[in-house]
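Worksheet: one structure, shown below.
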Amino acid sequence: MSVVLGIETSCDETAASVVVDGKHILSNVLYSQVAMHEKFGGVFPELASRRHLEKLLPIVDLALKEASMTPNNIDLIACSGWPGLIGALLMGVNCAKSLAFAWNKPFVAVNHVEAHLYAAMMDDEEIVYPCIGVVVSGGHTALVLIHELGRYEEIGKTVDDAVGEAFDKVARMLKLGYPGGPKIEALAKLGKRDAFPFTSGRVKEKPYHFSFSGLKTQVLYTIKGQNASPDAKWLIQDDQIPDIAASFQEIALGGVVDLALKAAREYGVSHILVGGGVSNNIRLREIFFERGGSDFTLHYPPFGLSLDNAAMIAGLGYHTFNLNKKSDSLDFAPHPTNKGLLF
Ligand code: KG4
Ligand code: ZN
Numbered sequence: 021m022s023v024v025l026g027i028e029t030s031c032d033e034t035a036a037s038v039v040v041d042g043k044h045i046l047s048n049v050l051y052s053q054v055a056m057h058e059k060f061g062g063v064f065p066e067l068a069s070r071r072h073l074e075k076l077l078p079i080v081d082l083a084l085k086e087a088s089m090t091p092n093n094i095d096l097i098a099c100s101g102w103p104g105l106i107g108a109l110l111m112g113v114n115c116a117k118s119l120a121f122a123w124n125k126p127f128v129a130v131n132h133v134e135a136h137l138y139a140a141m142m143d144d145e146e147i148v149y150p151c152i153g154v155v156v157s158g159g160h161t162a163l164v165l166i167h168e169l170g171r172y173e174e175i176g177k178t179v180d181d182a183v184g185e186a187f188d189k190v191a192r193m194l195k196l197g198y199p200g201g202p203k204i205e206a207l208a209k210l211g212k213r214d215a216f217p218f219t220s221g222r223v224k225e226k227p228y229h230f231s232f233s234g235l236k237t238q239v240l241y242t243i244k245g246q247n248a249s250p251d252a253k254w255l256i257q258d259d260q261i262p263d264i265a266a267s268f269q270e271i272a273l274g275g276v277v278d279l280a281l282k283a284a285r286e287y288g289v290s291h292i293l294v295g296g297g298v299s300n301n302i303r304l305r306e307i308f309f310e311r312g313g314s315d316f317t318l319h320y321p322p323f324g325l326s327l328d329n330a331a332m333i334a335g336l337g338y339h340t341f342n343l344n345k346k347s348d349s350l351d352f353a354p355h356p357t358n359k360g361l362l363f
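For the sequence shown, the residue numbers in this note's numbering are 21 to 363.
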């Protein structure tokens, strides 16, 4: 049995979790900073780092307590190492390294985006490899062929915004607040999906790449007309906002689903894994079902593991440590991007 303490601080969630053997979650504690960042319309990086610093140790304590564990029981400490906000990552990485040093335990830093996909492996269903992985988060949108855990081949990615970022930006245009995804999803339930004829972005000669900037511009022009100033008068009425939300959501998510299913068919796989904050969206799951029906087995993160969390970090950390068979160096430095690697 291997007990892993996971730490997540790549953006605006301060999180710690205790997971056994990569799968059995004993605790999953999260302090969301959303209320603090909301008034800025997005994450304020410096404030996020400071809040992580204040909250991290109490959150780690709570995660141990809820799991009925003491530092002695912990076999490994895992944290998000990249990509993310660099100041925020530094807090989690330095906390993980300090605890590893103080408790004399090994430590691994993992890729936050890979961990989002790993979250979809934490359901109870058996996964048949190779399978298609679909990352839909606020920072990344990508399609990968997963040969096995840890062995990935990129098929496509976004050439501009990530899908969650597009949700956040459209929500800002509609003055719905941050984070936009859940707000758009809630409003979309009240609107007509075909009210506005938005179209999905395609990238010439890259059939599996995504583009959301054109869709975003279509929404902006619908709200304010072309070449409008930021404070231009709206061309739409307030009661049309749910229709915009529903029409945008349908095209944005439909575009992701269509490419994921096309890839799954072309690569002859039977299982599809979907991870990242946008996988929380119920309409995304419906569209997958409507268009893929019973042709594929879909894996989603279990409840609470779609958005940023530390259980997916602990889970992936367990496997990373088993694959590498060694602790990362205490010289490890976090990185804001994916370091030129696939994720
Ligand atoms: O994966 P995540 O928690 O953080 C990143 O690693 O980026 O994803 C956050 C993103 C945000 O853009 C948020 O608006 C989006 O996921 N999101 C959603 C929903 N819940 C969160 N997008 C659409 N529908 C949702 N229900
Ligand atoms: Zn994330």
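Glycine included, every Cβ here is placed at the ideal spot set by N, Cα and C.
In this text the structure is predicted, and so the values were computed from the model without any measurement.
TODO: Let me have the residue list for the ligand ZN: C-beta closer than 5 angstroms to any non-hydrogen atom, ordered along the chain.
DONE: SER157, ASP328
Task: Endpoints, the beta strand (DSSP E) within which GLY26 is located - done: 23-28
Open item on the list: So the candidates are ALA36, ASN124, ASP259, ARG71; which of them puts its Cα closest to the Cα of ALA83?
Closed with: ALA36
- [ ] Could you check if GLU205 is buried or exposed, using at least 16 other CB atoms within 10 Å of its CB as the buried criterion?
- [x] Buried is the call here.
Open item on the list: the ligand KG4 and PRO356: does the residue's C-beta get closer than 6 angstroms to at least one heavy atom of that ligand?
Closed with: no
- [ ] Give me the Cβ distance between PHE352 and VAL113, rounded to the nearest whole Å; I'm assuming they're in contact under 8 angstroms.
- [x] 7 angstroms
Open item on the list: What residue range does the beta strand (DSSP E) around VAL223 cover?
Closed with: No beta strand (DSSP E) holds VAL223; DSSP gives it neither H nor E.
Open item on the list: In this structure, how does DSSP classify GLY112 when only helix, strand and coil are distinguished?
Closed with: helix
- [ ] Quick one: grab the DSSP three-state call for SER157.
- [x] coil
Open item on the list: Only counting the same chain, and skipping five residues up and downstream in sequence, which positions put a Cβ closer than 6 angstroms to that of VAL24?
Closed with: VAL39, LEU96, ALA98, ALA334, GLY337, TYR338
Open item on the list: Taking DSSP's pairing of strands, which residues face THR237 in a bridge?
Closed with: THR237 pairs with nothing; no bridge assigned.
Task: Own chain partners of GLY104 with C-beta closer than 7 angstroms, once the 5 adjacent residues on each side are dropped - done: SER30, CYS31, HIS132, PRO356
Task: Residues near GLY170 by beta carbon distance below 6 angstroms, same chain, minus five either side - done: LEU343
Open item on the list: Quick check on DSSP: helix, strand or coil for SER326?
Closed with: Shown here, SER326 sits in coil according to DSSP, grouped into three states, outside any helix or strand.
- [ ] Kindly indicate the opening and closing residues of the beta strand (DSSP E) around SER69.
- [x] Counting along the chain, SER69 falls outside any beta strand (DSSP E), though it belongs to the alpha helix (DSSP H) covering 65-86.
- [ ] With a 10 Å radius around its C-beta and 16 neighbouring C-beta atoms as the bar for buried, classify LEU350 as buried or exposed.
- [x] exposed
Open item on the list: According to DSSP, LYS177 sits in a beta bridge with which residue or residues?
Closed with: ALA162
Open item on the list: Taking the beta carbon of PRO321 as the centre, do at least 16 other beta carbons fall within 10 Å, making it buried, or is it exposed?
Closed with: Answer is buried; the Cβ neighbour count reaches 16.
Task: For TRP102, the residue or residues it bridges with in DSSP - done: ASN131
Task: THR90 burial status per 10 Å Cβ neighbour count (16 or more: buried) - done: exposed
Open item on the list: Using DSSP's beta-bridge definition, name the partner residues of CYS151.
Closed with: ILE166
Open item on the list: Taking the straight line between their C-alpha atoms, what separation do you get for ALA248 and TRP254?
Closed with: 10 angstroms
Open item on the list: Using a 10 Å radius around the Cβ and a threshold of 16 neighbouring Cβ atoms, would you call PRO250 buried or exposed?
Closed with: By the neighbour-count criterion, in which a residue is buried when 16 or more other Cβ atoms sit within 10 angstroms of its Cβ, PRO250 is exposed.
TODO: Evaluate GLN269 with the Cβ neighbour count: other Cβ atoms within 10 Å of its Cβ, from every protein chain shown; 16 or more gives buried, anything less gives exposed.
DONE: buried
TODO: Indicate, with yes or no, if the ligand KG4 has a heavy atom lying under 6 angstroms from the CB of PHE316.
DONE: For the ligand KG4, not one heavy atom lies less than 6 angstroms from the Cβ of PHE316.
Open item on the list: Going residue by residue through the region 229-298, where are the continuous alpha helix (DSSP H) segments of at least 4 residues, counting only ones entirely within it?
Closed with: 233-244, 261-286
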